[in-house]
Amino acid sequence: GPGNRTISLVKGHGFHQPRVRGEDSFEEAPMCVAVLTYMGYGIVILFGYFRDFLRAVGLEKCHQAQEREEQKDFVPLYQDFENFYKRNLYMRVRDNWNRPICSLPGPVFDIMERVSDDYNWTFRLTGKTVENVINMGSYNYLGFAENNVDFMKTVADETRQYGVGVCSTRQELGNFSIHEKLERLVAEFLGVESAMAFGMGFATNSMNIPALVGKGCLILSDELNHTSLILGAKLSGATIRVFKHNNMQSLEKLLKEAICSGQPRTHRAWKKILIMVEGIYSMEGSLVRLPEILALKKKYKAYLFLDEAHSIGAVGPTGRGVTEHFGMDPNEVDVLMGTFTKSFGATGGYIAGKKELVDYLRSHSHSAVYATAMSPPVVEQIIRAIKCIMGVDGTTEGKQQIRQLSENMRYFRSRLKEMGFIIYGNQDSPVIPLLLYLPGKVGAFSRAMLKRKIGVVVVGFPATPITEARARFCVSAAHTREMLDKVLQSLDELGDHIRVKFSCHRPSHRQELYNETDFELDS
59 GPGNRTISLV
69 KGHGFHQPRV
79 RGEDSFEEAP
89 MCVAVLTYMG
99 YGIVILFGYF
109 RDFLRAVGLE
119 KCHQAQEREE
129 QKDFVPLYQD
139 FENFYKRNLY
149 MRVRDNWNRP
159 ICSLPGPVFD
169 IMERVSDDYN
179 WTFRLTGKTV
189 ENVINMGSYN
199 YLGFAENNVD
209 FMKTVADETR
219 QYGVGVCSTR
229 QELGNFSIHE
239 KLERLVAEFL
249 GVESAMAFGM
259 GFATNSMNIP
269 ALVGKGCLIL
279 SDELNHTSLI
289 LGAKLSGATI
299 RVFKHNNMQS
309 LEKLLKEAIC
319 SGQPRTHRAW
329 KKILIMVEGI
339 YSMEGSLVRL
349 PEILALKKKY
359 KAYLFLDEAH
369 SIGAVGPTGR
379 GVTEHFGMDP
389 NEVDVLMGTF
399 TKSFGATGGY
409 IAGKKELVDY
419 LRSHSHSAVY
429 ATAMSPPVVE
439 QIIRAIKCIM
449 GVDGTTEGKQ
459 QIRQLSENMR
469 YFRSRLKEMG
479 FIIYGNQDSP
489 VIPLLLYLPG
499 KVGAFSRAML
509 KRKIGVVVVG
519 FPATPITEAR
529 ARFCVSAAHT
539 REMLDKVLQS
549 LDELGDHIRV
559 KFSCHRPSHR
569 QELYNETDFE
579 LDS
C-alpha cells in the first residue's frame, strides 16, 4: 500500500545510512482455510462441552481445579472461556510446550524425553534424551548464548570477584561499579546521553511506564504490543486508546481527537500523550514505521516510547536497532527501551534517553527502587556482548555475526515463501511466523518437527488471535547453512504432508479492512 516503502531523509549521528523499509508481509488465508479453521474450533468446542457434561455427571474424571461443593453459591472462579479453553483445547496439545531442555540452548540442544499416561494432564520422564535437536525457537539472534571457555573467561573472572548474588537493591548496597560500567557502555552503544539497566526485561516495561505517565495522561498503544507494555499501561492509571497495527491513519486520527477533545467529561488538555510501539513485533515479525511515527510525534507534540526488545542487536548495519535501520537520530525518541535477553544472550533490560529521564527513573521507578540489582556475571556477559558488537574488543566477530544473521534470515524467509507457506513480517526481521491456522495442525506440526530433530515454537490463543495459530521461527547467526537447509527440507516435506502450504501470493487487504472503532480503557 502507499507508504509501505519509506525512506528516511533525516540525518542520523554519523555512523549509519538510511535504508529502505521494505514490505511487511500479511497475506490472508484462502477462504476455505478460514472456514475450516472456524469449523475445527467449533468441533473441538462442541466436544469440550460434551466432555464437561460427562465430568459433571461423574462419567469422566476431571483433573483440573474445580469449585468446592460448599462454594457452589459463590461467584465461580473456573468457569470463564479461558479455563474452558485450557481444559478442553490446550490439554490436547500441551505436550508441545514446556519441554525440559538439558543443555545449552545454542543452535542445537538436548531435550529430555517425556510421555503422558493420562492425555497430557501429567507427564513423566523416560530417562532418555533426544540429542542435537536444531533450535529454531530461542531468541539467540547473534549466537551469544554459548559456553565456550575462552569467550566466557571475563564472566568467570567477574564471578570470582563479585560473586553471583547481589542481595540488595541499587539504592542500598547493590550499586556495583560493574553496573555503572554497563550503563555507560549501553548509552555509548545507543548514542544517547544516559541509560539504566534492570534485572528483568518484562519489568523494565511494566514497572517503568507507571513512573512516566499517570492519571490525566493518554497512552496510544499499538494493538499488537507485548503484554509487558499493556500491563505497564494499565498499572499507570492513564487512559489507554489502541490504534491499528502500524496504521498511521488510525494513529493520527486518535492524536487529532486527543488534541481537539481533550480528556473525557472535563475536556481539559491531556497532561501527556505517550505513543507506545515496538521495534519488531514478536508475533508478527513486522517492523515499526519509525519515520512516520516520529513525524506524527513532532506534529502533535507527543512523547514516544520505543520497545526494542527484539530489534536491538539484530537490526541495523551495526546492530543498533530500528533507529539505525531507518537512519534516524536515537535522541529523537523520548524513551528507548530494550532487553538483554535476546541478542545479548543474558537477562534484564534497559531504559535509555536523556539524562533527566534516567535520573528521574532512578528515584521513581519501582523496578529501580525495590528490585534486587543485576547479577554481576550476567552484567559482564552483556558488557562482553556489546563490546563484541561494537568491535572494541579488537575483533570483527560482532560485525560478522550481524551480517550472518541478516543473510540467514533473508535466505530462510525467501525459501519459505518460495515453498508456498504464508509468512508474516518484514524481510529484515529475525522473527519469522509461519501460519498454520487449523487447531489440529498446530500439535501435528510441532510433534512431526521434533521427530525430525527440529525444535520449533508453536503459538496459539491467547498469544495470537484464536484463528491465527502459527509456528514462530527465530533465526540466529549461529545457525549454519546446513542446519537451515535441513530445517527447510523438513518443512517442505511436512508442508506437503500435513498440507499447510496455504499461500496464493495474494497481497493482504489488511490496511483497507481497518474499521473506525476506537477502543478506550478508562482507569
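Numbering (this note's numbering), first residue to last: 59 to 581. Virtual Cβ for every residue (Gly too), placed ideally from N, Cα, C. A quick note: this is a predicted structure, and the numbers were derived from the prediction, not measured.
Taking C-beta atoms as the reference points, Q485 and L200 fail to come closer than 7 Å. Look at the region 125-172 and you find these whole runs of alpha helix (DSSP H), each 4 residues long or longer: 139-146. Residue pairing by DSSP puts P491 in a beta bridge opposite R530. A residue is called buried once 16 or more other Cβ atoms fall within 10 Å of its Cβ, and R228 is buried on that count. In its chain, beyond the 5 residues on either side, D153 and N154 have a beta carbon closer than 8 Å to the beta carbon of R505.
Between P388 and V250 the beta-carbon gap is near 5 Å, inside 8 Å, which marks them as a contact. Sorting F470, A443, P497 and P163 by C-alpha distance to the C-alpha of P491 places F470 at the top.
Contact annotation, G164 with A535: C-beta distance approximately 11 Å; criterion of less than 8 Å not satisfied. Within a 10 Å sphere around the beta-carbon of E140 sit fewer than 16 other beta-carbons, which makes this residue exposed.
Y408 carries a strand assignment under DSSP once its states are collapsed to helix, strand and coil.
Of the candidates K314, G337, D215 and Y495, the residue whose Cα lies closest to the Cα of A327 is K314.
In the structure shown, K186 falls within a strand segment according to DSSP collapsed to helix, strand and coil. Here the alpha carbons of P435 and F560 stand approximately 46 Å from one another. A Cβ-Cβ contact shorter than 7 Å links L348 with V380.
When DSSP assignments are scanned along the region 387-465, the uninterrupted stretches of beta strand (DSSP E) that are 3 or more residues long and fall wholly within it turn out to be 393-397 and 407-411. Around the Cβ of H368, a 10 Å sphere holds 16 or more other Cβ atoms; the residue is buried.
By the criterion of a C-beta distance shorter than 7 Å, G223 is surrounded in its chain by S433, once the five residues flanking it on both sides are discounted.
Non-local C-beta neighbours of G407 in its own chain, meaning closer than 6 Å and more than five positions away in sequence, comprise F256, G259, T262 and T397, ordered along the chain. Note on geometry: alpha-carbon atoms of C446 and V437 lie some 14 Å from one another.
Contact between A372 and L463 holds, since their C-beta atoms are separated by about 6 Å, short of 8 Å.
In the structure shown, M541 adopts helical secondary structure according to DSSP, grouped into three states. For V515, same chain residues with a beta-carbon under 6 Å away, outside a window of 5 residues either side, are G195 and R530 in chain order.
For Y361, the enclosing beta strand (DSSP E) starts and ends at Y361 to D365. Contact between I169 and V188 is confirmed by a C-beta separation of about 5 Å, below the 8 Å threshold.
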